[in-house]
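Visitor:
In the numbering used here, the protein residues as written are 0 to 313.
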């Protein structure tokens with residue numbers, strides 16, 4: 000048995016991970032090009048890493064590859080394989096910042112960009128994370144009841160204030176995070192309740208929603224200044240996934256098959272930046288109506304037109 004002689008800037012951990020990557024690709028019949036696309040790194044970089052000719056430390060890129068392999072293997076519990084898209088990473092950053100600094104983070108994006116998928120994934124992977132969904136019909140009282148059921152585990156007895164105090168007591172000074180999705184539907188009274196919860200319990204809160212969320216909180220000298228002054232992370236509204244994101248999603252959902260770049264580009268064009276349209280519409284349509292035909296731009300256009308009534312993306 001021969002052992003590969005790695006250059007000095009490859010650590011023992013790098014070498015071990017490379018051998019595991021090779022075994023992973025062999026077991027799943029995954030090509031280097033497909034794995035590179037899944038990990039959102041260049042195919043040439045991965046090839047150089049595997050050959051031991053990468054000029055600098057490969058550790059950072061290897062970490063991306065390891066994460067992509069892990070998410071792919073864990074994807075069986077999700078409707079779609081988890082891919083660390085730019086939106087996914089932004090959601091995790093918002094949650095991590097809010098938790099670390101026990102403050103508010105605001106994470107907004109257009110419908111279909113993958114916000115909720117990423118937030119649910121974060122909640123599942125990180126203990127002491129509570130995710131609730133606001134609704135247009137929710138009242139301040141029903142918000143407190145929902146918080147009580149979610150955090151305490153039961154609808155605590157007593158008045159609304161008693162229930163609120165029970166939630167505060169359960170969370171106070173713990174390493175907990177509250178994520179409120181669809182937060183653009185919150186009213187001023189509900190936002191005030193969440194602000195009080197953050198202040199009294201000393202925990203982080205993520206407000207996540209569509210592009211309308213930023214407009215709700217942003218006006219200066221308005222009724223939401225107390226929220227704005229407590230925001231430690233507030234990136235620009237996410238308008239859509241990138242083409243690299245789309246390539247990783249396509250590869251993850253089509254498995255070991257080599258996907259031509261032209262096909263990825265056409266799928267991305269049809270999706271118009273929506274991860275939901277790409278995965279739940281276009282890729283689902285390809286799987287359903289492909290019927291053994293090779294992947295091609297013409298096939299993508301046919302599925303887009305006949306199954307989804309999408310106009311030409313050419």
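Glycine residues also receive a C-beta, built at the ideal position from the N, C-alpha and C atoms.
What runs of the alpha helix (DSSP H), each 4 residues or longer, lie entirely inside the region 121-173?
Guide: 139-146 and 159-170
Visitor: Taking the C-alpha atoms as reference points, what is the distance between residue 114 and residue 239?
Guide: Residue numbering aside, residue 114 sits at position 115 when the chain shown is read from its first letter. Residue numbering aside, residue 239 sits at position 240 when the chain shown is read from its first letter. Approximately 10 Å, taken between the alpha carbons.
Visitor: For residue 22, count neighbouring Cβ atoms within 10 angstroms of its own Cβ and tell me buried if that reaches 16, exposed if not.
Guide: In the chain shown, counting from the first residue as 1, residue 22 sits at position 23. Classification for residue 22: exposed.
Visitor: Could you give the distance in angstroms between the alpha-carbon of residue 12 and the alpha-carbon of residue 175?
Guide: Taking the chain shown and counting its residues from 1, the one referred to as residue 12 is at position 13. Taking the chain shown and counting its residues from 1, the one referred to as residue 175 is at position 176. Answer to the nearest angstrom: the Cα atoms are 32 Å apart.
Visitor: Specify the secondary structure class of residue 375 as computed by DSSP and reduced to three states.
Guide: Because the chain is modelled from 0 through 313, residue 375 falls outside the range shown and cannot be assessed.
Visitor: Along the chain, which unbroken stretches of the alpha helix (DSSP H) at least 4 residues long are found entirely within the region 224-274?
Guide: 224-227, 242-253 and 260-270
Visitor: Figure out for me which residue from 48, 289 and 101 has the closest Cα to the Cα of residue 194.
Guide: In the chain shown, counting from the first residue as 1, residue 194 sits at position 195. The option with the nearest alpha carbon to residue 194 is 101.
Visitor: If we count the other Cβ atoms within 10 Å of its Cβ and call it buried at 16 or more, is residue 307 buried or exposed?
Guide: To locate residue 307, count along the chain shown from 1; it is residue 308. Under this definition residue 307 is an exposed residue.
Visitor: Using the rule of at least 16 other Cβ atoms within 10 Å of the residue's Cβ for burial, across every protein chain shown, is residue 221 buried or exposed?
Guide: Walking along the chain shown from the start, residue 221 turns up at place 222. Confidence is the limiting factor: at residue 221 the pLDDT is only 48, short of 50, which leaves the residue's position unreliable, though a coordinate-based value still follows. Exposed: under 16 other Cβ atoms inside 10 Å.
Visitor: Can you say whether residue 165 is buried or exposed, counting buried as having 16 or more other CB atoms within 10 angstroms of its CB?
Guide: Within the chain shown, the letter at position 166 stands for residue 165. Flag for residue 165 reads buried.
Visitor: Report the residue from 241, 301, 8 and 72 whose alpha carbon sits nearest the alpha carbon of residue 255.
Guide: Taking the chain shown and counting its residues from 1, one reaches residue 255 at position 256. Out of 241, 301, 8 and 72, the CA that lies nearest to the CA of residue 255 is found in 72.
Visitor: In this structure, does DSSP put residue 17 in helix, strand or coil?
Guide: The residue you call residue 17 lines up with position 18 of the chain shown. In this structure, residue 17 counts as helix in the three-state DSSP scheme.
Visitor: Is it right to say residue 172 is buried, meaning 16 or more other beta carbons lie within 10 angstroms of its own, or is it exposed?
Guide: As a first step, residue 172 must be located in the chain shown, where it is residue number 173. Exposed.
Visitor: With respect to the beta strand (DSSP E) encompassing residue 206, which residues constitute its N-terminal and C-terminal limits?
Guide: Looking up residue 206 in the chain shown gives position 207. From DSSP, the beta strand (DSSP E) with residue 206 extends over 203-208.
Visitor: Looking only at DSSP bridge pairs, what is residue 107 linked to?
Guide: Mapped onto the chain shown, residue 107 falls at position 108. According to DSSP, which records beta bridges pairwise, residue 107 is partnered with 208.
Visitor: For residue 300 and residue 285, what's the separation of their Cα atoms in angstroms?
Guide: For the purposes of this step, residue 300 is taken as residue 301 along the chain shown, with counting starting at 1. For the purposes of this step, residue 285 is taken as residue 286 along the chain shown, with counting starting at 1. Those two C-alpha atoms are separated by around 10 Å.
Visitor: Just to confirm before moving on: does the CB-CB distance between residue 149 and residue 178 stay below 7 Å?
Guide: Translated into positions along the chain shown, residue 149 becomes position 150. Translated into positions along the chain shown, residue 178 becomes position 179. Their beta carbons are not under 7 Å apart, which means residue 149 does not touch residue 178 by this criterion.
Visitor: Per DSSP, what kind of secondary structure is residue 8 in: helix, strand or coil?
Guide: Taking the first residue of the chain shown as position 1, residue 8 is located at position 9. Note: residue 8 maps to coil in three-state DSSP.
Visitor: Assuming residue 380 and residue 117 make a contact with CB atoms under 8 Å, what is their CB distance in whole Å?
Guide: It is not possible to answer for residue 380, since the shown part of the chain is limited to 0 through 313.
Visitor: List the endpoints of the continuous alpha helix (DSSP H) containing residue 40.
Guide: Indexing the chain shown from 1 puts residue 40 at position 41. Taken as a continuous stretch (DSSP letters only), residue 40 belongs to no alpha helix (DSSP H), as it is neither H nor E.
Visitor: Leaving out the 5 sequence neighbours to the left and right, which residues in its chain are closer than 6 Å to residue 105 when beta-carbon positions are compared?
Guide: As a first step, residue 105 must be located in the chain shown, where it is residue number 106. So the list reads 206, 230 and 233, once near-sequence residues are dropped.
Visitor: So, using beta-carbon positions, are residue 294 and residue 262 closer together than 7 Å?
Guide: Counted from its first residue, the chain shown places residue 294 at position 295. Counted from its first residue, the chain shown places residue 262 at position 263. Yes, the pair counts as a contact, with Cβ atoms nearer than the cut-off.
Visitor: Which residue wins for smallest C-alpha separation from residue 65, given the options 40, 235 and 211?
Guide: Position 66 of the chain shown, counted from the first residue, corresponds to residue 65. If we check each option's Cα against that of residue 65, 40 comes out closest.
Visitor: Going by Cα to Cα distance, which pick from 283, 309, 271 and 246 is closest to residue 317?
Guide: The requested residue 317 does not occur in the structure, where the chain is confined to residues 0 to 313.
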